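Step one of this worksheet: look at the structure below.
2 protein chains.
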Amino acid sequence: MVTPTGAISATALARHLGAWRPAGPQPTYRALADAIRVLMLDGRVPVGTAVPSERTLAEALDVSRTTVAYAYAALRDNGHLLSRQGARSVLRLPVQVPAEPVDLGAEGDVIKLNIAAPSAPEQIVHDGYRHALECAPGYLAGTGIYPNGLRALTETVAERFTHRGLPTAADQILITSGAQHALRLVLDTHVSPGDRVLLEQPTHHGTILALARHRARAVTIGLHPEHGWDLDQLESVVRLQRPALIFVIPDFHNPTGLLLDEAGRIRLGEISARYRVPVVVDETTAELALDVAAPPPLASFAPRGAEIITLGSASKTVWAGLRVGWIRVDGRPDTYALARYESDIGGAVFEQFAAQYALSHLDDFMPARLAALRAQRTTALAAIAEHLPGAVPVRGVGGLCLWVALPQPAATATAAAAAELGVRLIPGGSFGPHGGFDSHIRIPYTLDSDTLARGIGLVGQAYRQAVGDAVAAPPSSDRGLPDRMVV
Amino acid sequence: MVTPTGAISATALARHLGAWRPAGPQPTYRALADAIRVLMLDGRVPVGTAVPSERTLAEALDVSRTTVAYAYAALRDNGHLLSRQGARSVLRLPVQVPAEPVDLGAEGDVIKLNIAAPSAPEQIVHDGYRHALECAPGYLAGTGIYPNGLRALTETVAERFTHRGLPTAADQILITSGAQHALRLVLDTHVSPGDRVLLEQPTHHGTILALARHRARAVTIGLHPEHGWDLDQLESVVRLQRPALIFVIPDFHNPTGLLLDEAGRIRLGEISARYRVPVVVDETTAELALDVAAPPPLASFAPRGAEIITLGSASKTVWAGLRVGWIRVDGRPDTYALARYESDIGGAVFEQFAAQYALSHLDDFMPARLAALRAQRTTALAAIAEHLPGAVPVRGVGGLCLWVALPQPAATATAAAAAELGVRLIPGGSFGPHGGFDSHIRIPYTLDSDTLARGIGLVGQAYRQAVGDAVAAPPSSDRGLPDRMVV
């Protein structure tokens, strides 16, 4: 359950906690905080659960209210508890929102392995904004509001789809502020609170956060490290659970780098048509083929009656500081245009011209980008082998990330220790809609090779500290729930 | 009720429709469509109501299913009915989403009185993007992701608040993609489905659409054309209905141009503190003082315990094609930063530098902008007196719009007739969360005086046509509901 609507009573939480009290010198509040965190990482108390008031939990556990207050504060500090004024606090997975360093010179001191986004192709971005300065004058006399997106940009995006094997007209495209924004508009249009949405597990954590905002429930299929998508399982989940949407990342899946083959694309189209369920295809990383060429877009395989909604973005190919994405549908994207208007009126004019310039020059700069990514991935794989012995990365064929299985389930503790060492890292749990995945980390290979090697070295050090220091999970006293990590 | 959760049964709708059949040569389906539309404009069937299936309504009315299908299609075509795949169609007020003309030369043929957004101050916007080209290089090597906004821009926005009498630090500011986006992030954070939100009536129609997306319920207070806000009524609604938020536009209210005085600002702060309800202050038009200086921002009057969330935007002072707005809170805007990250990751880098440049040069270009707006308003008032005799505009003191009471309730029909004459106009109903207001139109004075005079001349012509042709409301057969327009 991703929806933040569930609450747990003090007595139920006390029962789940079992024998949580500290054995050694650890402060009581810290042991309580750790025990609550482990319950969530375990999946025994779902992410999004509202916790009891300090007073009632203190009574149920027979501790002072101060102990509970301190434990909640500790959970809040490390991002596991979200408090909102006038509402009960809810359990959540930590999200590291990057903050701009005041001094850019200090940037080099923190190694950001938490973000899979490449730096900008400087000349192209610069030239793009110069191009915008040339194009914009005719627009300055107008209102600047174009909810569908500027024609020049929708044409460029449509041409790229056509070039990739999916004939597309400009008026099938709606421009958004990136793929996350595109997804929110699709959810606005298709999903009501309580609806189910089928996801791959693991998946992009922005998608998980978006579903929670829409109070949708995630239902999942696993991805096999070698065989990828199990579409028999997917069809069976669709048949039994009737999700409102299926969300997939077939072209260099984030975080695994896996690629869905042509047979799988055909099958997904058939499932969409047979069960009348729209398939949302996130193509954010579709242009990042490192080892094999990607097949044509999934939508090009769709039979009559299928509904394929394709999302894309300039963030991973050009630069995330340029906020442009899109939605492609088979007809006209009018309902999404209305959703966009209601979301933020429309896109920025200069921004769209700059994106149009960069996207129409993809073939000029992508070969060098892909070569750099390949080299950085080689560096990352070597550093993982050296500094994280026993860790197993999925053998993806494109995208920006390695999804790495650790020998022991200590990703959260590793991320915490890495932060102390100056490396930001997102633990695996952030990529699972039900938490879990604490034996996985995601290593993006978007930084330069030197920084990457240094960062992974520090992650190795953090992992060794974490495994040495790991807080043992408290014995579970609950009945019928799995007494193990959800992985 | 704004929430799209209510449905009406075929028998109830048939009862409301009463004697709807055409007396003269009008086709049956057209008479049915008009009667359903009038029921909604009247407020007898709320906006957002799900209509019955074609089959059941045809049975209840004893007409052919084709007649109902044609009537629904007609409602759909003119924007009064929204259909979504797999769900019942819902009644809605028409929203005119502006589309970019393919040929900018054709722009002059349509007079856009539907948008209250000025053209750009060309030199400032141009210089702003040149400034961005100079600032950006240090950022191109990074990921480009800054969910709180660039420091240079948050500092500029904070300085402007301080200059206006509300001391503000940069880390109290979160940058958004405009004020509509800011409002959505606030609703994401504070409002659950079914919560009440208190609004002025009339209000900005983007706010009404946003509430509907969040499935919130609008409760309203009226604005008196001369005395403005009735804060006794507001407090009584707060006490009885306990809204989750209060939303106000105190500085040159959209669409009326009214200004809340200092006593009113103090009172709203007291109400926020006493009832523990956050007040969202939309300051989009706060810099557009035409006749009197605005008092300091509402938040500067807030007593201890009040929670004032201030939204602003560069859209109305600079240009709507530059998508930058902000949220100001008393502490740190971290929960909104998370909501922004989940909404669209963050703002565009170049865009923010361009906005920073323009906002730090406000004092250079605003005097000329305000002088132009004053002159255009004079033109608009004269044209209204000439072409719409008997119409009464509210005497606002700033902002971008005149809110005009027509002699007869024919705004929707006038807007339809105006469209035929090449003028886009939004009828008053779009500014009321419960519809109604069909005796009002909004006339923005953002176009040049010649175009404005020509546009209002055509609106006068459209009004005369509409009053001549008006479809009489069908006799009402419902009991206990007001048999009059909700105004």
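Taken in order, these protein sequences are the chains called C and H.
Residue numbers for the first sequence follow our numbering, beginning at 292 and rising by one.
Residue numbers for the second sequence follow our numbering, beginning at 292 and rising by one.
In this text, a Cβ means the ideal position worked out from N, Cα and C, and glycines have one as well.
Note that this is a predicted model, so its numbers are computed, not measured.
Going by Cα to Cα distance, which pick from the options is closest to residue i?
i: H/Q605; options: H/Q643, H/A427, H/V695, H/A509; result: Looking at the sequence shown, residue 605 of chain H is not Gln but Ala. Nearest of H/Q643, H/A427, H/V695, H/A509 to H/A605, Cα basis: H/Q643.
i: C/L653; options: C/E450, C/H678, C/L589; result: C/E450
i: H/R506; options: H/L478, H/Y430, H/T670; result: H/L478
i: H/E749; options: H/V714, H/P458, H/L525; result: Looking at the sequence itself, residue 749 of chain H is Leu, so the reference to Glu does not match. It is H/V714 whose Cα lies nearest to the Cα of H/L749.
i: C/A585; options: C/A611, C/I540, C/G616; result: C/I540
i: C/I599; options: C/T358, C/L549, C/V336, C/Y566; result: C/Y566
i: H/S410; options: C/Y648, C/V640, C/A753, C/A707; result: C/V640
i: C/A298; options: C/E425, C/T498, C/R367, C/S380; result: C/S380
i: C/A326; options: C/L366, C/G485, C/L589; result: C/L366
i: C/H731; options: C/A704, C/L738, C/T742, C/D739; result: C/A704
i: H/A445; options: H/A630, H/T494, H/A322, H/T467; result: Strictly speaking, residue 445 of chain H in this sequence is Thr, with Ala absent from that position. When only C-alpha atoms are compared, the closest one is H/T467.
i: C/L716; options: C/Q699, C/P698, C/C692; result: C/C692
i: H/D635; options: H/R595, H/L525, H/Y437; result: H/Y437
i: H/L602; options: H/V683, H/R619, H/F592; result: H/R619
i: C/T670; options: C/G690, C/Q699, C/G638, C/D739; result: C/D739
i: H/R421; options: H/V510, H/G469, H/Q756, H/A649; result: H/A649
i: H/P700; options: H/A407, H/S300, H/A757; result: H/A757
i: C/G555; options: C/D625, C/A593, C/P428, C/L581; result: C/A593
i: C/H496; options: C/P546, C/E578, C/A362, C/T447; result: C/P546
i: C/T434; options: H/I402, H/V528, H/R533, H/G720; result: H/I402
i: C/T742; options: C/R755, C/A702, C/A674; result: C/A674
i: C/Q532; options: C/A646, C/V510, C/R455, C/D625; result: C/V510
i: C/L525; options: C/L550, C/E553, C/Q492, C/A501; result: C/Q492
i: H/L474; options: C/G429, C/V683, C/D621, C/E633; result: C/E633
Tell me the residue span of the beta strand (DSSP E) that contains residue i.
i: H/E491; result: 487-492
i: C/R508; result: 508-515
i: H/A696; result: 692-696
i: H/L465; result: 464-467
i: H/L602; result: 599-604
i: H/R619; result: 616-619
By the DSSP assignment, the alpha helix (DSSP H) with residue i in it spans what residues?
i: H/P658; result: 653-678
i: H/R475; result: 470-481
i: H/I499; result: 496-504
i: H/S730; result: Taken as a continuous stretch (DSSP letters only), H/S730 belongs to no alpha helix (DSSP H), as it is neither H nor E.
i: H/R631; result: 625-635
i: C/R530; result: 522-532
i: C/T703; result: 702-711
i: H/V640; result: 640-650
Taking residue i and residue j to be in contact with their CB atoms under 8 Å, please state how far apart those CB atoms are, rounded to whole angstroms.
i: H/T480; j: C/R383; result: Wrong, their Cβ atoms sit about 14 Å apart, outside the cutoff.
i: H/W694; j: H/R733; result: 6 Å
i: C/G548; j: C/V688; result: 6 Å
i: C/A351; j: C/T302; result: 5 Å
i: C/R487; j: C/R504; result: Going by Cβ atoms, the distance from C/R487 to C/R504 rounds to 16 Å, so no, they are not a contact pair.
i: C/V342; j: C/L304; result: 7 Å
i: H/D521; j: H/H515; result: 7 Å
i: C/P735; j: C/I406; result: 7 Å
i: H/A362; j: H/L323; result: 4 Å
i: H/F538; j: H/L489; result: 7 Å
i: C/G419; j: C/A645; result: 4 Å
Using a Cβ-Cβ distance cut-off of 7 Å, determine whether residue i contacts chain B.
i: C/Y420; result: Reference to chain B is not applicable here, since the protein chains of this structure are C and H.
query = In chain order, which beta strand (DSSP E) runs of at least 3 residues are fully inside the stretch 422-456 of chain H?
reply = none
task = Would you check if the stretch 655-672 of chain C and the stretch 463-472 of chain C touch, i.e. whether three or more CB-CB distances between them fall below 8 Å?
result = no
query = Which ranges would you report for the beta strand (DSSP E) in the stretch 540-596 of chain C if only whole runs of at least 3 residues count?
reply = 570-573
query = Within the chosen definition, does the stretch 718-727 of chain C reach the stretch 321-339 of chain C through at least 3 CB pairs nearer than 8 Å?
reply = yes
message = Threshold first: 4 residues or longer. Then list the alpha helix (DSSP H) segments lying entirely within the stretch 292-380 of chain H, N to C.
response = 301-308, 319-333, 345-352, 356-368
query = Is the stretch 701-708 of chain C touching the stretch 558-574 of chain C in the sense that three or more CB pairs, one from each, lie closer than 8 Å?
reply = no
ask   = Are three or more beta carbon pairs between the stretch 602-621 of chain C and the stretch 410-430 of chain C nearer than 8 Å?
value = yes
inquiry  = Counting beta carbon pairs with one atom in the stretch 674-690 of chain C and one in the stretch 736-754 of chain C, are three or more of them shorter than 8 Å?
reply    = yes
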